[in-house]
Each structure stands twice: as structure tokens, then as C-alpha cells.
Amino acid sequence: MSSTKSNKMKLGDASTQFLIKRLFRDYVSGQLVKIAFSLIAMAFVAGSTVMLAKQMEPIINDIFLKRQEELLMPIALGVVGIFFVKGAATYAQSMLMQHVGLEIIATIQEQLFKKLMRADLAYFHEESPGNLVSRFMNDANMLKGVVSNTLTSIGKDTLTAVGLIGMMFYQDWFLASIAFAAFPTAILPIAKTGRRIRKVSTNTQESMGLLTTRLDEAFQGIRHVKAYNMEDHETKRVSETILTVLRLNLKAARTSSILSPIMETLGGIAIAIVILYGGNEVIQGTKDPGSFFAFITALLLAYEPIKKLSKLNANMQTGLAAAHRVYSILDSEPDIKDVSGAKELEITKGDVVFKDVYFNYDDNTSALEAINLTAKANKTIALVGASGAGKTSILNLIPRFYDVTKGKITFDGQDIRDVSLSSLRQATALVSQEIQLFDDTVRANIAYGKPDASDEEIIEAAQNAHAHDFILSLPEGYDTQVGPRGSRLSGGQRQRVAIARAMVKDAPVLLLDEATSALDTESERHVQTALNTLMKGRTTFVIAHRLSTVIDADMIYVMDKGKIIEEGTHSQLLEKSGTYAKLYALQFAEEAQTNDDISLPA
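Heads up: the sequence shown at position 226 corresponds to 226 in the UniProt record's numbering, and the numbers run straight through without jumps.
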């Protein structure tokens, strides 16, 4: 979609500040109460950590030096109390922030799915299912990390570091100033590392999407993989993608880990300075040992949150790369949508008319040229021709899966672009050779287009679709789970369930896209009988590979390279001795030859 691409370009240059503001506005602002209570808990964690460092002073001065035995129990109980408060506060802030993060994931995933369900059909041709699944799983989880972990780090680690550093400056501001003089030199490496991490993370997540796609292809196509002895080929393809992900993850790890030697070195320098300067003051008697050890403890305890804060930017950039990908979907708008003031489709007869219709795909590939055809109510229109002639494109334009490039399509005299999409698509039913059943019960799949359908309607539709008998033979009848994509049913059974689904919907316009082409002779006989029942009283568009199935059509349009080259009834087209007559003669000869071959003795 053009709108999607423009949004991707807009987000490509999105700054860290821009993305953080959006994340806060869209997801964090609704969690402020939980975050506030979490920050209170974090303050208790920070305060208890400061108290632990402060406890070193009486432990050294009063117990080890002055040997005041009566203080042993109070100090010991005080330490236990401090650790209890710290543990309880840590649990509280952790659970609150986990709750915040998990709610954000759920919100993002709901928004993504809702947006994708409204996206144009063309969008799903551009984006692989694996890449979209990766957005749902990997990117959403990374966003949870950037929100909950970042807020935790900003809250707990900042408060802890500030508290400990404040205590150090309170005890000896000069020594504290010397100890932290070197840390500002780490700011530049931290910023550079963050930029690199974001770039590497974006590439990693794209590779994860490719990996998900290849896994899905291999698992769904396992029958063909084995039939063509391509196990090694698929293993190689997946292995190459896994290695790409591995290399990118290692690069991210190297980039992120570069901060460790910087911070360790700075920490070592700070501690060494404190030991040299402070230790000398203790030896000279200008500072008591308890204060010195309390200072050292505070410095050591402060080092860990400072180190986490130094990695905060790198970790945040990983999440912001995910935010970039998520917003590229959420900001996209479908090209095919209701016009302002769109009215409900008024069905009077069921006439569908194409008036000088042209259609190009997004890459400007011409699919249809100057199409003029009329489908009268309750009549059957057949579209025949070679693959790529434009037959399916015509069917896709009727429910506005795509919009015409030029010309117009009317439904009972109303331009389909002027009516609401929901009312237009409610008036059409589709049965194709690629039947999509959902991993649910037979009953739910039949009622898919009409969730409130009664049991009587479902059973009647199944009977008319010649599916009732085989459904009753299933382990749990209508409540039998059909499996992923209907895998527990045969091809003919899936088709008849799909026909029953179209019957329950009871739409006035029926679109049949080679609904019997992939079936064996026996299954095709059952399905064709069901289709004949379904077609009664409906305006029907039929795409058929076997011309014998459309000889009774009220009008046949012969297509070639996006154009209608012949039209008429079966008998009229045979009299013309044109393309249709040749196609029919060729198929008739092939079928006759096949029948002769079958009748030959073994």
C-alpha cells in the first residue's frame, strides 16, 4: 500500500525522543497509577540499600573497635529488617512493572491484529505471514522490555544510585567528587553504542521474521518437501537464516558488551582513588574506620545501578527498533475504505455491471482492460480463459478486495465505491479452490459468515451442501474439530463445508473461483451437485477450468490477457468457431481419451 510505504519512510528517521514520547502517550500514560505505586516501592528498595551501606559504620566502630556487645542483637535485627523491607519492596515493584509490561503487550497485539484485519488484501501479498507473526511475538515482547525494564531501571536504579551517592557526598563530599570525576567520560561511548544497537536490532528482527516465514513454509509444506526429497534443501535454507540471526545477535552482544570494560575500568579507578585517599585519612586518624567502610560500601553498592544505567540506552534502543516496526503497521491506512458518507447497499435485484473497467496492480502491471459485462439477477456468468487472463481479478473487484483503476462497477445501479464495505461484502459469498477452514468445530466453520445462525439453519445448509451425512459420521458430529486449515477433512469434505458456509450467509451474489478444480471425479460430483443447489436464486460468477461445468451458464465471457475476446452462451460460442470452440474441442478430446484409457483392460 502506498500509504504504508510513506509511513515507513516517515518512521525511518524517527528520533529516540519522538518514539519515547509516542510510547509514553500510547501505552505508558494509561498505567500511571501502577507505575506510581511501583516507584514508591522502588524508593523503599533504594532507601533500604542506603541503610545497608550506613550500617557498616556502627558495625565497624561500635562492634569491631569499641566491642559493644549489647549492640550486636539490635544491629543484627536491623539488618534483617532492612533486607525484609528491601525484598518485599522489590517483589512489589517487580510485580507491578510486570503487570504494566504484560498489559502493554496485550494492548499492542490487539491493536496490531485489529489494524491488520482492516488492511488491504494487497498488504498481505507484500508482507509474509512469518514477518507479521514476528511483529506480534518478538516486537511486542521487546516493547514490553523497553517500557517495563526501562522504567524499572530509571526508577529503582536511579533512586538507589542517587541515594547512595547522596550519602557519600554527605559523608565526604571531596572524596565523592574525586571518585565520580571519571564517570562523565562514559557518556559518549554509551550514546554511540545505543545508535549501533538500534540498527543491529532492526536487522535482527527482520531476520527473525524471515526465519518464522521459512519455518512456516517448511512445516505447512512438509508433504511436498518429502515428496520431492527436499529435506536437505529446506534444512540448508533454515540453517542459513539461523546463522544470519546468530551473527546479528553476536554483533549486538559485542556492541552492548563493549560498555562493560569501560564501566569496570572506571569503577576500578574510582575505588582505587577512594582506597588511596580515604585509607590514608584513616591511617592519619582524620577519618574513623566506620565512616570509611560505610563510604566504600556505598560506592560498591552504587556501582551496580550505575552500570545498569549505563546499559539503559543500549537496551532501550533495542525496544525502540521494535517500536519502529510496530508503528509502521499501526500508522498505515488502507487504500480501500469507506468514502465519507458511504451508504448501506440497497439490494433490489442483484444485478452486477462492469462499465469500461481497467485495473492495474500496485506495480502498474495491467490486469484488466476495457471490461464491460453484465450479470443479471439470478443468472450465472462464467469466466473462462488461460491462467493469468484476468478472471480472478474480476472476482476480486466485486467485493472490493481491490479498487478499479478506471471505470466503475455497479450493484443494482449503485457504484460499489459509494456504499459501505461491510454492506457490500455482506452481499457476496466466496467459494474458491483454496478452501480456508479454521481450527474450530464444523458447526463454527459453517456459521462463520453468520455467527448467530441457528442449529436448524446450519443443518439445513449442510444437507443442501451434501455434507450432513459425512459430518454425522465424524467422531463428534458437528462439534468435531476440523484441525488447522481443515486438515482432518478431505478436499471434497472441506469444499462442501465451505459451500454450506456460503449457504448460511445467504448472500445474493455468489463468487465461485474454480471451486471443483482440485477434486477427484467422485468428490467433484458431490460438490457440483451442492453448488447447483447453492446457485439457485443467486447472481453467480463462475471461474471454471473444466468447460463442461459451465455449459449451462446464462452468459460465458472468454478472456485473454485482461480483455474479453468473446461472449455468448455455450451454443453461441460454439457456432462462432473461435477461441472458446477450440478450447472446448480440445478439452472434449482430452476427456474422451482419458475415458478410453480408463476403459482399457488391465
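Ideal Cβ placement from N, Cα and C applies to all residues, glycine included.
Legend entry - Entirely enclosed beta strand (DSSP E) segments - the segment 555–591, minimum 3 residues: 555–560, 563–568
Inset, instruction - Could you check the C-alpha separation between Ala544 and Glu567 for me, to the nearest Å? - result: 15 Å
Inset, instruction - In the DSSP assignment, find the unbroken beta strand (DSSP E) run with Val419 in it and report its ends. - result: Here Val419 belongs to no beta strand (DSSP E), and DSSP marks it neither H nor E.
Legend entry - Per-residue DSSP class, three states only, for Val482: coil
Legend entry - Expected contact under 8 Å - CB spacing of Asn61 and Gly290 to nearest Å: Indeed they touch by this definition, with Cβ atoms about 3 Å apart.
Legend entry - Beta-bridge partners of Gly385, as assigned by DSSP: Met559
Legend entry - For Leu430, three-class secondary structure by DSSP: Leu430: strand per DSSP, three-state reduction.
Legend entry - With 16 other Cβ atoms within 10 Å as the buried cut-off, status of Arg67: exposed
Legend entry - Reduced DSSP secondary structure (H/G/I, E/B, other) of Tyr358: strand
Legend entry - Under the three-state DSSP convention, the category Gly47 falls into: helix
Legend entry - Short Cβ contact (8 Å threshold) for Ile371 with Ile394: yes
Legend entry - Boundaries of the beta strand (DSSP E) in which Glu476 is found, first to last residue: First-last for Glu476: undefined, no H or E at that position.
Legend entry - Rounded separation between Leu474 and Asp506 - CA only: 26 Å
Inset, instruction - Assign His125 to buried or exposed, taking buried as 16 or more other Cβ atoms, counted over all protein chains shown, within 10 Å of its Cβ. - result: Exposed.
Inset, instruction - Report back the beta-carbon spacing between Thr380 and Val542 to the nearest angstrom; my notes put them in contact at under 8 Å. - result: 6 Å
Legend entry - DSSP state of Asp440 mapped onto helix, strand, coil: coil
Inset, instruction - Sort out for me which residues DSSP pairs Ile409 with in a bridge. - result: Its beta-bridge partners are Phe354.
Legend entry - At least 3 beta-carbon pairs within less than 8 Å: the segment 230–237 vs the segment 268–283: no
Legend entry - Per-residue DSSP class, three states only, for Val550: coil
Legend entry - Distance between Ser432 and Tyr358 (C-alpha atoms, nearest Å): Between Tyr358 and Ser432, the C-alpha separation is close to 24 Å.
Inset, instruction - Could you check what DSSP says for Ile446 in three-state terms: helix, strand or coil? - result: Helix at Ile446.
Legend entry - Anticipated Cβ contact below 8 Å, Tyr478 with Ile458, distance rounded: 7 Å
Legend entry - Host beta strand (DSSP E) of Ile371 (start-end): 366–375
Inset, instruction - Quick one: measure Cβ to Cβ for Ile556 and Leu373, integer angstroms, because I've assumed they're closer than 8 Å. - result: No, Ile556 and Leu373 are not in contact; Cβ-Cβ is about 11 Å, not under 8 Å.
Legend entry - residue 636 in three-state terms, based on DSSP: With the chain represented from 1 up to 602, any question about residue 636 goes unanswered, as that position is not in the structure.
Inset, instruction - Rounded to whole angstroms, what's the CA-CA distance from Ala92 to Gly30? Just pull it up for me. - result: 19 Å
Legend entry - Buried/exposed call for Asp261, threshold 16 Cβ in 10 Å: The question names Asp, but residue 261 in the sequence shown is Pro. By the 10 Å Cβ count, Pro261 comes out exposed.
Legend entry - Neighbour-count burial assignment, Glu69, 16 or more Cβ in a 10 Å radius: exposed
Legend entry - Val497 - DSSP class collapsed to helix/strand/coil: In this structure, Val497 counts as helix in the three-state DSSP scheme.
Legend entry - Runs of beta strand (DSSP E) wholly within the segment 80–132 (minimum 3 residues, chain order): none
Legend entry - Residue interval of the beta strand (DSSP E) (run including Val509): 509–513
Legend entry - Residue from Val245, Val28, Ile471 with nearest C-alpha to Gly101: Val28
Inset, instruction - Grab me the residues of Val245's own chain with a C-beta within less than 7 Å of its C-beta, minus the 5 sequence neighbours each way, in chain order. - result: Thr204, Ser207, Met208, Leu211
Inset, instruction - Please say whether Asp351 and Ala375 have beta carbons closer to each other than 8 Å? - result: A distance below 8 Å separates the beta carbons of Ala375 and Asp351.
Legend entry - Whole-angstrom distance between Thr160 and Ile35, CA atom to CA atom: 17 Å
Legend entry - Alpha-carbon spacing of Ala253 relative to Arg488, whole angstroms: 45 Å
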